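S.K.: In this note's numbering, the protein residues as written are 14 to 276.
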Amino acid sequence: MIVDFHAHVYPEKVADKALTGISKFYMIPLHRDSKGTADNLRSLGLNAGIDKFVIHSVAQVPSQVININDFIARTVNTYPDHFIGFGTLHPGFDNCPEEIQRLKNLGLRGVKIHPDVQQFAIDDVRMLDIYARLEGNIPVLIHTGDYRYDYSHPKRLARVLDMFPDLVVIAAHFGGWSIWDLALEYLEHRFCYLDISSSIMFLGNRRATELIRVYGAERILFGSDYPMWSPGDELERFNTLDLTDDEKDMILSRNALRILENG
C-alpha cells in the first residue's frame, strides 16, 4: 500500500479560485494536470498506483471551519476506499473543543493547520488549549517553514513539542519549507514526524536522502502536496532516492498506517 499523507482538495465551485490563490501565495505555477478537486486527485492517484490520500483544506478565517470540515467529511464518505480526512481548526474559532469532538464524530482522523495562511504563530497562546485537547487524541499536520514568514518557524514548533510531549505532530515539508537545514537544528532530536512534500525537487536527491537518514526513516511520510504537484510525478521522484526497500516501505506506508491506527 502507498499512502500520500499530504493532499489538498476543494469544492468544484471554488477550486479554480483556490488554485489561483495557492499559486500566487507561493509564486510557483501549479502542475498542469491539477484541478484541485477530489475527482481529479482520485484519478491521478489511481493512475500513479497510490492507494490512499490524507486529504485536507485550511480555514483561512474562523467562519470557514465548520463548512470545510463538513466538506472533507462528505468527500471521504464519497470515496471511502481512497481518502482519509483531516479537519481544520482556527484559534479564532469560538468552539474548538466542541469542533474537535464533532470532526471526530464526522470520521475525520486528524487536524491540519497552516500558520502562514491562517496568520497565527504555531506557538500562539490561543493554540495551547487546542494542542492540549489534541494531545493523546488525534494527530495534527502542521505546515512548517517559509523564509518569508515567522508564523510557522520550526523554532515555534519546537516549543510546542516541548510543552506537549505526547502530541502527535506531522511537520510538513521536512519540518521547514525553504529553511530545511535550519529546521534540522530544532527538530532533529525532538519527537515529531515529518512529511517530504514540496521538498525533494528543491533539495535534490542527495540532500533529501541525507535528511531522511538523519531524522530516521521511521519518522518520515510521503506526501505530494497536490495540487501543487502531480502525485505520480512526486512518487517517481521519491523512488529515485537511494533508499533501501525497508526505508521506502516505512515512508510510503508503515509510518502512515501507524499514525492513523494509533494517533
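For every residue, glycine included, the Cβ atom is placed at its ideal position computed from N, Cα and C.
Computed from a predicted model, the values in this text were never measured in an experiment.
When you compare only the Cα positions, how much space is there between F18 and Y164?
M.R.: Your numbering for residue 18 matches position 5 in the sequence shown. Your numbering for residue 164 matches position 151 in the sequence shown. So the alpha carbons of these two residues sit roughly 22 Å apart.
S.K.: Which runs of the alpha helix (DSSP H), 4 residues or longer, sit entirely within the region 136 to 171?
M.R.: Runs found: 141 to 147.
S.K.: Alpha carbon to alpha carbon, how far is T88 from V124?
M.R.: The residue you call residue 88 lines up with position 75 of the sequence shown. The residue you call residue 124 lines up with position 111 of the sequence shown. Looking at the two C-alpha atoms, the distance is approximately 16 Å.
S.K.: Kindly indicate the opening and closing residues of the beta strand (DSSP E) around V67.
M.R.: Position 54 of the sequence shown holds residue 67. First-last of the beta strand (DSSP E) with V67: K65 to H69.
S.K.: Label V22 either buried or exposed according to how many other C-beta atoms from any shown protein chain fall within 10 Å of its C-beta, with 16 as the threshold for buried.
M.R.: Here residue 22 is taken as the residue at index 9 of the sequence shown, counted from 1. By the neighbour-count rule (16 or more Cβ atoms within 10 Å), V22 is buried.
S.K.: Using three-state DSSP, classify Y228 as helix, strand or coil.
M.R.: As a first step, residue 228 must be located in the sequence shown, where it is residue number 215. Three-state DSSP puts Y228 in a helix.
S.K.: Are the CB atoms of A196 and I209 within a distance shorter than 8 Å?
M.R.: As a working mapping, residue 209 is identified with position 196 in the sequence shown. As a working mapping, residue 196 is identified with position 183 in the sequence shown. Taking 8 Å as the Cβ cut-off, I209 and A196 do not qualify as a contacting pair.
S.K.: Measuring alpha carbon to alpha carbon, tell me which residue in N118, V153 and T91 is nearest H103.
M.R.: Reading the sequence shown from its first residue, position 90 is the one you call residue 103. Closest option to H103, Cα to Cα, is V153.
S.K.: If I'm right that I135 touches L170 with Cβ under 8 Å, what's the distance once you round it to whole angstroms?
M.R.: Working through the sequence shown from its first residue, we reach residue 135 at position 122. Working through the sequence shown from its first residue, we reach residue 170 at position 157. Contact holds; Cβ gap of about 5 Å.
S.K.: For T50, count the other beta carbons within 10 Å of its own beta carbon; 16 or more makes it buried, fewer makes it exposed. Which is it?
M.R.: In the sequence shown, counting from the first residue as 1, residue 50 sits at position 37. T50 should be labelled buried.
S.K.: Taking DSSP as the reference, what is the three-state secondary structure of H186?
M.R.: Here residue 186 refers to the residue found at position 173 when the sequence shown is read from its first residue. Helix, per DSSP.
S.K.: If distances are taken between C-alpha atoms only, which option among R232, K65, H44 and M40 comes closest to Y92?
M.R.: As a working mapping, residue 92 is identified with position 79 in the sequence shown. Nearest of R232, K65, H44 and M40 to Y92, Cα basis: K65.
S.K.: For the alpha helix (DSSP H) holding K30, just list the boundary residues, first then last.
M.R.: For the purposes of this step, residue 30 is identified with residue 17 of the sequence shown, where counting begins at 1. Taken as a continuous stretch (DSSP letters only), the alpha helix (DSSP H) holding K30 covers E25 to Y39.
S.K.: Across which residues does DSSP place I97 in a beta bridge pair?
M.R.: The count along the sequence shown starts at 1 and reaches residue 97 at position 84. Answer by DSSP bridge pairing, in chain order: V67.
S.K.: Quick check: L174 and W193, are their CB atoms within less than 8 Å of each other?
M.R.: As a first step, residue 174 must be located in the sequence shown, where it is residue number 161. As a first step, residue 193 must be located in the sequence shown, where it is residue number 180. No, they are not a contact pair.
S.K.: How about Y239 and A20: are their beta carbons less than 8 Å apart?
M.R.: Locating residue 239 in the sequence shown gives position 226, counting from the first residue. Locating residue 20 in the sequence shown gives position 7, counting from the first residue. Taking 8 Å as the Cβ cut-off, Y239 and A20 qualify as a contacting pair.
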